[in-house]
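Structure first, commentary second.
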Amino acid sequence: HVSVFAVPRVNDIDLKDAREVCAFQPIASQLPDQTDIPTNGEARCRSRPPIVPVDTEDEQTQMVFLASFLQNNRLEHVHQVMGYHPAYVEAFVKTQHFLLREDGPLPFHYRHFIAIMAAARHHCTYLVRLHAQEFLVQGGDTEWLRGLSYAPQKLQNLYEVVKILAHRPWLIKKEHIGKLTQGTDTWSLSEVTQALIICAHIQSLCSFVFGCGIRAELDQGGCTMRPPSTSGDDSDDYSSDSSSGEPNANFLEENGLETLMMKMRQLTEEATLQETTQEELLKRFESVEIRVLKVISVPTSSKTSAKEEILRFVKDSEFTYSDFAKRAPVLDIPTFRVQDYSWEDHGFSLANRLYPDIGNLLDDRFTIAFNLTYNTMGDIVDVDTKGFRQAIWYYIHCMYGIRHDDYDYAQVNRLLDRNLKTYIKTVSCYPERITKKDYDGVMRQFKHSEKVHVNLMVTEARMQAELLYALRAVNRYMT
């Protein structure tokens with residue numbers, strides 16, 4: 275594997291100089307105590323979670339920040355929030371750099387236009403604007419930014435796949451791949467693979483952007499960090515003790531971590547005392563799958579409003595996530611069994627075959643996100659968090675119809691309370707609906723960095739789910 279992202283060595287750069295270079299971006303980080311900058315209209319800032327400062331003392335994070343700045347001429351807020359987890363942000367930035375800036379089958383301006391299409395499905399203004407700027411920097415035609423209908427037919431042909439991947443990836447079939455690679459305005463399989471990975475990368479990143487409340491940098495007309503309000507209310511009435519709306523929210527705040535720790539210990543003890551049959555494991559998966567239906571992210575009457583700059587890149591806006599368990603029987607779509615097609619045994623090698631080196635980079639991201647732990651929960655130390663982390667990852671896969679035969683899904687219902695399930699489902703499936711009230715009302719005893727950690731797992735588990743369906747469709751088309 276060839277390194278595609280050269281992070282400067284510490285002895286090559288004076289850290290003081292590095293801090294001075296990074297300090298130019300974002301400007302908001304220069305203000306005392308991260309003070310909000312008052313502006314008019316939508317860009318007006320609200321209270322929001324802190325971000326990792328550009329002059330962080332963590333050497334690894336500082337080097338990643340510097341490399342990000344030198345490549346992008348800005349230090350993106352996404353990277354600053356991810357900076358709580360240095361190993362992860364380094365892997366993330368490497369992958370993103372390779373996808374968008376290194377050699378590959380797709381022209382650079384095509385990559386950013388695909389990113390725009392993917393981000394627009396979730397009404398993510400932050401990412402749409404960011405990639406519209408990059409599209410122009412890469413020599414893209416300004417006419418394309420007037421809307422989908424102004425883009426080349428080749429890109430328009432991709433839109434159906436972009437839409438399905440964003441909301442119901444289990445509908446992706448080999449016929450979709452065949453339609454792109456045959457006839458006029460065709461795609462090569464390598465181009466399709468890169469496009470699919472860009473879509474999954476951007477769509478899952480929408481979950482992180484909304485889940486952590488990341489706002490645009492100042493030169494994009496934004497401020498710092500705030501999730502959108504689905505009500506359209508632009509008041510500053512947001513506080514860190516916002517209620518989640520759950521009747522047992524106060525109980526969870528007082529007893530949540532203690533209860534969770536007790537349940538994790540019980541599950542560890544039970545695992546050593548008994549073996550569970552495959553029939554019982556299947557029943558437990560189906561139980562979680564059915565319970566997903568009962569987890570409602572927001573009332574169906576609550577819809578986000580999108581601006582014209584977003585809607586011009588959106589078709590069939592009514593097509594959104596629908597619970598996998600509700601899929602129409604006539605479609606004959608079975609549960610996706612990881613034992614039949616997994617990332618490790620199948621997706622990884624296919625991705626590397628059609629788009630060399632990308633599999634290694636993605637695998638690093640998935641591995642770090644899945645295994646990342648500091649053995650803490652809130653103020654409690656020396657905690658084995660494996661059970662909790664697995665429950666989050668596999669719950670997200672379950673929402674997308676993916677089953678791991680060797681996992682006991684009873685752990686999901688025991689370790690994830692309804693409030694947390696609601697948050698995870700919203701961030702994963704309807705990220706544009708997340709508000710700061712949702713963020714404040716969940717995992718109340720967790721540190722901010724731990725909430726960011728949960729959002730990283732949501733991001734990566736969702737991306738892996740999309741890629742499993744997409745790459746399986748490519749594989750079926752090839753065979």
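Read in order, the letters of the sequence shown correspond to residues 275 to 753 in the working numbering.
Backbone N, C-alpha and C define an ideal beta-carbon position, used for all residues, glycine too.
All of these numbers come straight from a predicted model, not from anything done at the bench.
In chain order, which continuous runs of the beta strand (DSSP E) of length 3 or greater are located wholly inside the segment 403 to 469?
none
Give every residue of the same chain whose Cβ lies closer than 6 Å to the Cβ of GLU527, excluding the five residues on either side of it in the sequence, and list them in chain order.
Bear in mind that a pLDDT of 43 at GLU527, under 50, signals an unreliable position, so the model cannot answer this.
Tell me which residues share the same chain as GLY357 and place their Cβ nearer than 6 Å to its Cβ, disregarding the 5 neighbours each side in the sequence.
VAL326, THR335 and VAL363
Does DSSP put PHE587 in a helix, a strand or coil?
Look at PHE587 here: in three-state DSSP terms it is coil, with no helix or strand label.
Label ARG746 either buried or exposed according to how many other C-beta atoms from any shown protein chain fall within 10 Å of its C-beta, with 16 as the threshold for buried.
Buried: at least 16 other Cβ atoms inside 10 Å.
According to DSSP, what are the bridge partners of MET651?
Note: MET651 sits in a beta bridge opposite ILE654.
Collapsed DSSP secondary structure at PHE720 in the structure displayed:
coil
For ILE666, three-class secondary structure by DSSP:
helix
Could you check the C-alpha separation between TYR751 and LEU556 for me, to the nearest Å?
29 Å
When the Cα atoms are used, what is the spatial distance from ILE670 to LEU531?
21 Å
Between the beta-carbon of LEU567 and the beta-carbon of ASP597, is there less than 9 Å?
yes
First and last residue of the uninterrupted alpha helix (DSSP H) at ARG375
360 to 375
Supposed contact pair ILE388 and LEU432 - C-beta distance, whole angstroms, cut 8 Å
Right, their Cβ atoms sit about 7 Å apart.
If we count the other Cβ atoms within 10 Å of its Cβ and call it buried at 16 or more, is GLY457 buried or exposed?
exposed
CA nearest to the CA of LYS710, picked from ARG420, CYS486 and ALA341:
For the options ARG420, CYS486 and ALA341, the alpha carbon positioned closest to that of LYS710 is the one of CYS486.
Taking the alpha carbon of THR369 as the point to measure from, which residue in VAL701, VAL435, ARG639 and LEU646 has its own alpha carbon closest?
ARG639
Between MET737 and MET731, what straight-line distance do the alpha-carbon atoms span, to the nearest angstrom?
10 Å
Buried or exposed by the 16-neighbour rule on C-beta atoms within 10 Å, applied to GLN613
So GLN613 counts as exposed.
Per-residue DSSP class, three states only, for PHE593:
coil
ARG420 to ARG395, Cα distance in whole Å?
16 Å
Would you kindly report the start and end of the unbroken alpha helix (DSSP H) that includes LYS773?
This structure leaves residue 773 out entirely; the chain is present only between 275 and 753.
How is ILE325 classed by DSSP in three states: helix, strand or coil?
coil
Between the segment 605 to 620 and the segment 677 to 697, can you find at least three pairs of beta-carbon atoms closer than 8 Å?
yes
Going by DSSP, what residue range makes up the alpha helix (DSSP H) through GLU333?
Its alpha helix (DSSP H) spans residues 333 to 346.
Tell me which residue opens and which closes the alpha helix (DSSP H) that SER623 is part of.
For SER623, the enclosing alpha helix (DSSP H) has its first and last residue at 622 to 628.
Can you tell me whether ARG489 is helix, strand or coil according to DSSP?
Three-state result, ARG489: coil.
Going by the CB atoms, is the gap between MET391 and LEU344 shorter than 9 Å?
Going by C-beta atoms, LEU344 is not nearer than 9 Å to MET391.
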